[in-house]
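> Heads up, the sequence shown is in full-length UniProt numbering, so the first residue is 1 and it goes up one at a time.
For every residue, glycine included, the Cβ atom is placed at its ideal position computed from N, Cα and C.
What follows is a single structure, and I will ask about it in a moment.
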Amino acid sequence: MELRDPVKQEDGDPEEDTATALQRLVDLTAARVTPVRSLRARYRLIRRLGSGSYGHVLLARPRQGGRAVALKLLPRASVFRTTFLREFCVGRCVSSHPGLLQTLAGPLETPRHFVFAQEYAPCGDLSGMLQERGLPELLVKRVVAQLAGALDFLHGRGLVHADVKPDNVLVFDPVCSRVALGDLGLTRPEGSPTPAPPVPLPPAPPELCVLLPPDTLPLRPALDSWGLGVLLFCAATACFPWDVALAPDPDFEVFAGWMTTRPQPPQPPPPWDQFAPPRSGPVPGAPGSGSGDQESPAGRPGLPRR
């Protein structure tokens with residue numbers, strides 16, 4: 001399966017747009033979902049990895065042998081079949097990129113759940129690594145570089161992830177040599193209408209926070225760029241920069257005030273000033289500075305915490 005860049009052409013003919021191609025894949029896949037009475041006939045179920053409003057994820061091993069996988073179970077009582085098929089198809093189409101969680105072939109349905117398998121990330125999600133302090137700067141750079149590449153790959157195929165946050169970043173080793181963006185349940189073709197969230201969350205951009213039903217917002221890659229910026233802050237500090245990107249949240253108002261002031265002050269307000277380069281003096285980690293590798297902002301004493 002593949003979704004190609006919608007602006008490219010082959011043999012003089014334009015590619016079908018992303019939404020049309022995705023719907024075609026959904027229609028084709030609908031007939032290939034295998035019904036099973038119980039997952040235990042195919043997998044040895046080991047333990048639960050996580051759960052949420054979407055359903056839950058189980059660690060399992062195929063009975064015919066092979067590596068352990070993560071089984072995502074979506075309850076048929078609350079999830080439309082088309083929603084399940086779309087998430088599976090998108091996952092299969094983008095699995096060639098190492099920065100996106102690989103979705104494995106063979107969608108299933110039991111009497112109670114829709115099910116598909118994904119690769120298993122042994123170190124869990126990024127939020128689990130941010131319980132007490134942020135990551136060292138080197139690890140932050142690794143994480144953000146990989147996610148930026150993954151989002152560029154998605155956007156190049158006309159897709160918007162629309163749910164970039166630490167919980168959806170899967171970690172494969174303790175030093176983040178590989179991380180992958182998962183949970184494509186909200187991923188849609190660019191331009192698709194997205195409704196107002198039930199409750200605005202910290203990663204949501206201001207234009208989504210101010211949205212009220214029944215209004216919708218067309219999905220744009222900028223939505224993911226904002227989410228990646230908030231995630232960078234989280235990775236470095238182990239906290240969100242604000243509760244909601246909307247007045248009267250005091251932390252957001254301070255940031256927005258600095259962003260919109262003209263001329264813009266040279267130094268951002270706390271805690272964003274911890275990310276700014278030093279005004280003068282040696283650069284930490286540079287020859288003659290008397291220090292080793294650069295520390296993450298979260299590793300410096302006195303980092304403002306919310």
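For Leu232, which residues of its own chain have a beta-carbon under 6 Å away from its beta-carbon, when the five flanking residues on both sides are left out?
Excluding residues within five positions, the ones whose Cβ falls inside 6 Å are Val144.
> CB Arg133 to CB Ala238, shorter than 8 Å?
Yes, the pair counts as a contact, with Cβ atoms nearer than the cut-off.
> Among Gly52, Leu71, Ser53, which one has its Cα closest to the Cα of Ala60?
Considering only alpha carbons, the answer is Leu71.
> Going residue by residue through the stretch 196-242, where are the continuous alpha helix (DSSP H) segments of at least 4 residues, counting only ones entirely within it?
Whole alpha helix (DSSP H) segments, 4+ residues: 206-209, 221-237.
> When DSSP builds the beta bridges, which residues end up paired with Asp75?
What sits at residue 75 in the sequence shown is Pro, not Asp. Looking at the DSSP assignment, Pro75 forms a beta bridge with His113.
> One question on the structure: do Arg220 and Thr110 come within less than 8 Å of each other, judged by their Cβ atoms?
Not a contact, by the Cβ cut-off of 8 Å.
> Do Gly91 and Leu223 have their C-beta atoms closer together than 8 Å?
The answer is no: Cβ separation not under 8 Å.
> Using the three-state DSSP reduction, which class does Thr20 fall into: helix, strand or coil?
Helix.
> Do Phe88 and Pro62 have their beta-carbon atoms positioned less than 8 Å apart in this structure?
In this structure, Phe88 does not lie closer than 8 Å to Pro62 by Cβ.
> What does DSSP give as the partner residues of Thr34 in its beta bridges?
Partner(s): Leu108.
> Cβ atoms of Pro202 and Pro218: under 8 Å apart, would you say?
No; because the gap between Cβ atoms is not below 8 Å, this pair is not in contact.
> Determine the DSSP secondary structure at Arg87, reduced to helix, strand or coil.
One detail in the question is off: residue 87 reads as Glu in this sequence, not Arg. Looking at Glu87 - three-state DSSP - the assignment turns out to be helix.
> When the Cα of Val199 is compared with those of Phe116, Val210, Pro270, Gly191, which residue comes out closest?
Of Phe116, Val210, Pro270, Gly191, the residue nearest in Cα terms is Val210.
> Do three or more CB pairs link the stretch 65-84 to the stretch 110-124 at distances below 8 Å?
Enough Cβ pairs lie closer than 8 Å, so yes.
> For a quick check, are the C-beta atoms of His97 and Leu73 less than 8 Å apart?
No, they are not a contact pair.
> Since Gln118 sits in a beta bridge, which residues does DSSP pair it with?
Looking at the DSSP assignment, Gln118 forms a beta bridge with Ala70, Thr103.
> Does the count of Cβ pairs from the stretch 249-257 and the stretch 123-142 closer than 8 Å reach three?
Contact fails: fewer than three Cβ-Cβ distances are below 8 Å.
> Rounded C-beta distance between Ala204 and Pro197? I'm assuming under 8 Å.
That belief holds up - the Cβ atoms of Ala204 and Pro197 are roughly 6 Å apart, short of 8 Å.
> Assuming Gly99 and Gln64 are in contact, meaning their beta carbons sit under 8 Å apart, how far apart are those beta carbons, in whole angstroms?
29 Å between Cβ atoms; not a contact.
> Quick one: grab the DSSP three-state call for Leu135.
Of the three classes helix, strand and coil, the one that applies to Leu135 here is coil, per DSSP.
> Buried or exposed, going by whether 16 or more other CB atoms sit within 10 Å of the CB of Gly158?
Answer is buried; the Cβ neighbour count reaches 16.
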